[in-house]
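Numbering (numbering that gives the first Met the number 0), first residue to last: 0 to 599.
Every residue gets a Cβ at the ideal spot worked out from N, C-alpha and C, and that includes glycine.
Below is one structure, written out as structure tokens; comments come after it.
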Amino acid sequence: MRDLKFKRNFCITAHIDHGKSTLADRLIQKAKIIEDRQMMNQILDNMDIERERGITIKSQAVTIPYRAKDGNDYELNFVDTPGHVDFSYEVSRAIASCEGALLLIDATQGVESQTVSNMYMAMEQDLTIVPVVNKIDLASADIESVKKQIDHDLGLDSADAQLVSAKTGQGIDDLMEAIVTKFPPPEGDVNAPLTALIFDCHYDEYRGVIVHIRVMDGRVKAGDTIRLMSSGAEYKVEQVGLFKIKYEETSALEAGDVGYIIAGMKTVADVRVGDTVTSAANPAKEPLPGFKEVKPVVFSSIYPIDSNDYEELKESMEKLKLNDASLVYEKDNSLALGNGFRCGFLGLLHLEIVQERLERDFDQVVIFTAPSVKYRVKPAGRDEIFVDNPADYPEGKIEASQEPYIKASIITPSEFLGSIMELCRLKRGEQTNMQYLDEKRVELTYHMPLAEILFDFYDKLKSYSRGYASFDYEITDYRPTDLIKIDILINGKPVDALAQLCFRPNAVEHAKVVCERLKGEIARQQFKIAIQGAIGSQIIARETVNPVRKDVLAKCYGGDVTRKRKLLEKQKAGKKRMLMAGNVELPQSAFLAVLKEKED
0 MRDLKFKRNF
10 CITAHIDHGK
20 STLADRLIQK
30 AKIIEDRQMM
40 NQILDNMDIE
50 RERGITIKSQ
60 AVTIPYRAKD
70 GNDYELNFVD
80 TPGHVDFSYE
90 VSRAIASCEG
100 ALLLIDATQG
110 VESQTVSNMY
120 MAMEQDLTIV
130 PVVNKIDLAS
140 ADIESVKKQI
150 DHDLGLDSAD
160 AQLVSAKTGQ
170 GIDDLMEAIV
180 TKFPPPEGDV
190 NAPLTALIFD
200 CHYDEYRGVI
210 VHIRVMDGRV
220 KAGDTIRLMS
230 SGAEYKVEQV
240 GLFKIKYEET
250 SALEAGDVGY
260 IIAGMKTVAD
270 VRVGDTVTSA
280 ANPAKEPLPG
290 FKEVKPVVFS
300 SIYPIDSNDY
310 EELKESMEKL
320 KLNDASLVYE
330 KDNSLALGNG
340 FRCGFLGLLH
350 LEIVQERLER
360 DFDQVVIFTA
370 PSVKYRVKPA
380 GRDEIFVDNP
390 ADYPEGKIEA
400 SQEPYIKASI
410 ITPSEFLGSI
420 MELCRLKRGE
430 QTNMQYLDEK
440 RVELTYHMPL
450 AEILFDFYDK
460 LKSYSRGYAS
470 FDYEITDYRP
480 TDLIKIDILI
490 NGKPVDALAQ
500 LCFRPNAVEH
510 AKVVCERLKG
520 EIARQQFKIA
530 IQGAIGSQII
540 ARETVNPVRK
550 DVLAKCYGGD
560 VTRKRKLLEK
570 QKAGKKRMLM
580 AGNVELPQSA
590 FLAVLKEKED
């Protein structure tokens with residue numbers, strides 16, 4: 000039985016691209032828990048998408064041994080977290096299982112908006128925060144300026160800041176020592192009834208559900224019967240262990256440990272992240288305070304391209320839901336695309352990741368409809384309803400509609416201020432605050448509609464500021480809006496999967512863009528294809544895909560012009576018949592083209 004004072008649980012949290020995964024690599028390398036020949040960059044990012052994009056999507060835990068300068072052996076449990084705003088739910092869960100947080104700050108970029116919001120998240124859970132200035136080996140590193148920002152912007156003591164280079168390993172020894180001396184050991188009573196927090200889980204084809212837990216009190220070992228407090232389901236534990244890159248079996252997990260349980264859980268639905276695990280024989284009186292419920296902000300429908308694959312897609316969604324607790328979905332049906340699912344996401348990057356994971360990990364070929372947010376709509380003479388799907392938009396007179404607004408915080412170098420303010424104005428943003436953080440950086444606060452930042456706001460913000468501006472947001476309230484539904488018609492037939500809800504003054508422009516993009520994606524047929532955007536019965540935009548034409552006059556040389564005319568008339572009549580019977584196949588790329596912002 001290990002003494003609690005020799006354990007430390009902490010997470011690494013930071014703005015996107017500040018070097019969390021690289022720092023995790025150095026800590027693992029220092030502890031020598033795997034051989035140098037097996038070491039690779041981003042070792043904890045075990046999904047292909049994470050490696051390709053260079054981002055962390057899933058939080059990963061690992062236990063590393065460390066011999067401190069006082070001669071004692073410590074057990075350090077740490078969790079590497081994502082930095083992108085779409086995955087802040089993963090961060091909140093990781094933070095709930097720790098006592099300390101390393102707040103990583105890039106020495107070249109300084110404090111950015113996610114840095115601030117992650118710090119507040121850690122403070123809400125009463126974590127001890129140690130600021131770490133990373134990338135000090137770069138020529139453009141400005142350590143003094145970053146220390147001022149730590150004092151001024153974050154209100155932390157810059158004297159506590161650890162200076163490291165995760166790439167070269169400089170300062171890692173001092174950082175390990177700081178983890179042991181500055182972070183408190185976990186509290187907990189090994190003899191109390193078992194309470195453990197589920198902070199993550201994933202599905203293994205051979206072992207079933209592997210549950211990641213942080214034990215608060217008590218102990219759990221193979222052979223025990225555990226109970227999940229939210230559902231009351233009971234399971235017999237087959238194996239417990241620690242994360243040492245690979246799973247390493249141990250005899251028991253005790254108060255203060257971070258590890259995993261395998262208990263033959265076959266169904267995905269039984270496990271809820273944030274639930275409390277307790278002993279069936281000696282249960283705890285009440286569950287641990289869980290995480291806040293995840294609130295999706297972007298909604299889109301998913302359909303299999305072949306409607307026979309619906310059952311497979313359903314299974315894949317269940318398995319994906321287990322690895323991604325922030326994914327919310329329910330059954331949906333469409334005239335054009337058959338059975339599918341209506342899903343809620345935390346943002347557009349989250350939607351892209353889910354799509355890629357369905358295609359790669361589960362071999363599903365799917366179509367996503369245009370994303371939308373949740374509107375409040377009051378039809379005449381009826382109660383107010385929430386609408387996130389254009390198909391559910393009520394017919395007839397609408398008395399009032401409201402859309403969700405966000406409070407956006409943008410930190411940018413002052414030289415890009417003009418173009419960023421113009422971008423926010425175009426996106427219907429109202430500026431509520433502007434403050435200079437120092438001589439070079441400004442923080443802007445805007446209230447703007449969530450729908451406006453869905454598609455291309457983040458990309459444009461990065462390109463206007465050459466990558467230096469950072470962006471964070473939280474949803475605040477609903478405000479009145481002038482909402483209409485745009486239908487997209489192909490040869491006069493509406494395609495319900497392409498319908499969109501839109502702010503009325505932007506409707507014509509929006510419909511034009513969608514029609515133009517579809518024109519570029521739909522293959523030419525033997526007949527003319529009309530692509531139209533409509534509000535009700537009024538057509539507001541149109542593009543035409545011209546037909547391919549066989550040269551029927553090739554065999555007609557010389558003679559009277561009526562011979563040519565007769566052949567052309569015959570061709571025209573044939574095309575007319577074709578148009579009546581012909582169906583236009585919409586390729587997968589056409590749906591995606593509508594989602595992607597046109598390259599400027």
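So, under 8 angstroms CB-CB, residue i and residue j are touching, yes? Tell me the CB distance rounded to an integer number of Å.
i: tyrosine 472; j: isoleucine 419; result: That pair is no contact at about 14 angstroms.
i: lysine 484; j: leucine 500; result: 6 angstroms
i: phenylalanine 77; j: phenylalanine 9; result: 5 angstroms
i: valine 364; j: serine 400; result: Not a contact, Cβ separation roughly 35 angstroms.
i: serine 333; j: aspartate 486; result: Not confirmed; about 14 angstroms, so no contact.
i: isoleucine 149; j: isoleucine 104; result: 7 angstroms
i: serine 300; j: glycine 339; result: 5 angstroms
i: proline 286; j: leucine 345; result: The pair is not a contact, with the Cβ atoms about 25 angstroms apart (cut-off 8 angstroms).
i: alanine 100; j: leucine 126; result: 5 angstroms
In angstroms, rounded to a whole number, what distance separates the CA positions of residue i and residue j?
i: isoleucine 261; j: glutamate 237; result: 6 angstroms
i: tyrosine 65; j: leucine 155; result: 27 angstroms
i: glycine 532; j: alanine 390; result: 16 angstroms
i: alanine 95; j: methionine 228; result: 18 angstroms
i: arginine 478; j: methionine 447; result: 10 angstroms
i: lysine 565; j: aspartate 559; result: 11 angstroms
i: leucine 174; j: tyrosine 234; result: 40 angstroms
i: glycine 255; j: threonine 114; result: 27 angstroms
i: asparagine 388; j: aspartate 305; result: 22 angstroms
i: valine 297; j: cysteine 555; result: 59 angstroms
i: glycine 491; j: asparagine 307; result: 27 angstroms
i: proline 403; j: lysine 373; result: 7 angstroms
i: serine 408; j: leucine 425; result: 17 angstroms
i: valine 276; j: threonine 444; result: 41 angstroms
i: valine 386; j: alanine 379; result: 15 angstroms
i: asparagine 505; j: isoleucine 538; result: 15 angstroms
i: isoleucine 605; j: alanine 160; result: No information on residue 605 is available, as it lies outside the stretch 0 to 599 that the chain covers here.
i: tyrosine 73; j: proline 185; result: 12 angstroms
i: valine 145; j: serine 469; result: 16 angstroms
i: isoleucine 366; j: aspartate 458; result: 23 angstroms
i: valine 131; j: glycine 170; result: 10 angstroms
i: proline 493; j: tyrosine 463; result: 37 angstroms
i: threonine 662; j: serine 112; result: Here the chain covers residues 0 to 599 and nothing more, so residue 662 does not appear.
Taking residue i as the reference, which of the options has the closest Cα?
i: isoleucine 225; options: Gly255, Thr368, Met264, Gln524; result: Met264
i: isoleucine 534; options: Phe456, Glu394, Thr127, Lys320; result: Glu394
i: arginine 359; options: Leu347, Ser464, Gly491, Met316; result: Met316
i: threonine 368; options: Gly337, Lys396, Ala379; result: Gly337
i: aspartate 69; options: Gln525, Phe5, Ile452, Pro192; result: Phe5
i: serine 230; options: Asp274, Val214, Asp216, Phe242; result: Asp274
i: alanine 510; options: Arg541, Ala522, Pro493; result: Arg541
i: tyrosine 259; options: Ile197, Tyr309, Lys318, Leu517; result: Ile197
i: aspartate 481; options: Asp16, Lys396, Gly557, Lys527; result: Lys396
i: cysteine 97; options: Asp382, Glu248, Glu438, Ala60; result: Ala60
i: valine 257; options: Leu3, Ile530, Leu357, Ala529; result: Leu3
i: leucine 422; options: Ile474, Thr431, Asp455; result: Asp455
i: proline 288; options: Glu123, Asp382, Lys439, Phe502; result: Glu123
i: isoleucine 209; options: Glu176, Lys245, Ile178, Thr180; result: Lys245
i: leucine 153; options: Ala23, Glu176, Gly343, Ala13; result: Ala13
Can you list, in chain order, the residues of its chain with a C-beta nearer than 8 angstroms to that of residue i? Leave out the 5 residues immediately preceding and following it.
i: tyrosine 467; result: Gln108, Thr411, Pro412, Phe415
i: glycine 18; result: Leu103, Asp105, Asn133, Lys134, Ala165, Lys166
i: glutamate 398; result: Lys377, Pro378, Ala379
i: histidine 151; result: Leu436, Asp437
i: asparagine 605; result: Coverage of the chain is limited to positions 0 through 599, which leaves residue 605 absent and any answer about it impossible.
i: leucine 319; result: Leu326, Val353, Arg356, Leu357, Asp360, Phe361
i: methionine 433; result: Val441, Glu442, Leu443, Thr444
Buried or exposed: which applies to residue i, given that a residue is buried once 16 or more other Cβ atoms fall within 10 Å of its Cβ?
i: isoleucine 655; result: For the chain, the structure presents residues 0 to 599; residue 655 sits outside this window and is missing.
i: asparagine 117; result: buried
i: glycine 638; result: Because the chain is modelled from 0 through 599, residue 638 falls outside the range shown and cannot be assessed.
i: alanine 572; result: exposed
i: valine 547; result: exposed
i: lysine 284; result: exposed
i: alanine 138; result: exposed
i: tyrosine 205; result: exposed
For a test of your reading of the model: does the CB of residue i fall under 7 angstroms from any non-hydrogen atom of the ligand FMN? Yes or no.
i: aspartate 125; result: No copy of the ligand FMN occurs in the structure displayed, which carries no ligand at all.
Whose C-beta lies closer than 6 angstroms to the C-beta of residue i among residues of the same chain, with five residues either side of it excluded?
i: glycine 187; result: Met215, Asp216, Ala254, Gly255
i: tyrosine 435; result: Val441
Excluding the five sequence neighbours on either side, which residues of its own chain have a C-beta within less than 7 angstroms of the C-beta of residue i, listed in chain order?
i: alanine 221; result: Val236, Glu237, Gln238, Val239
i: glutamate 247; result: Gly240, Leu241
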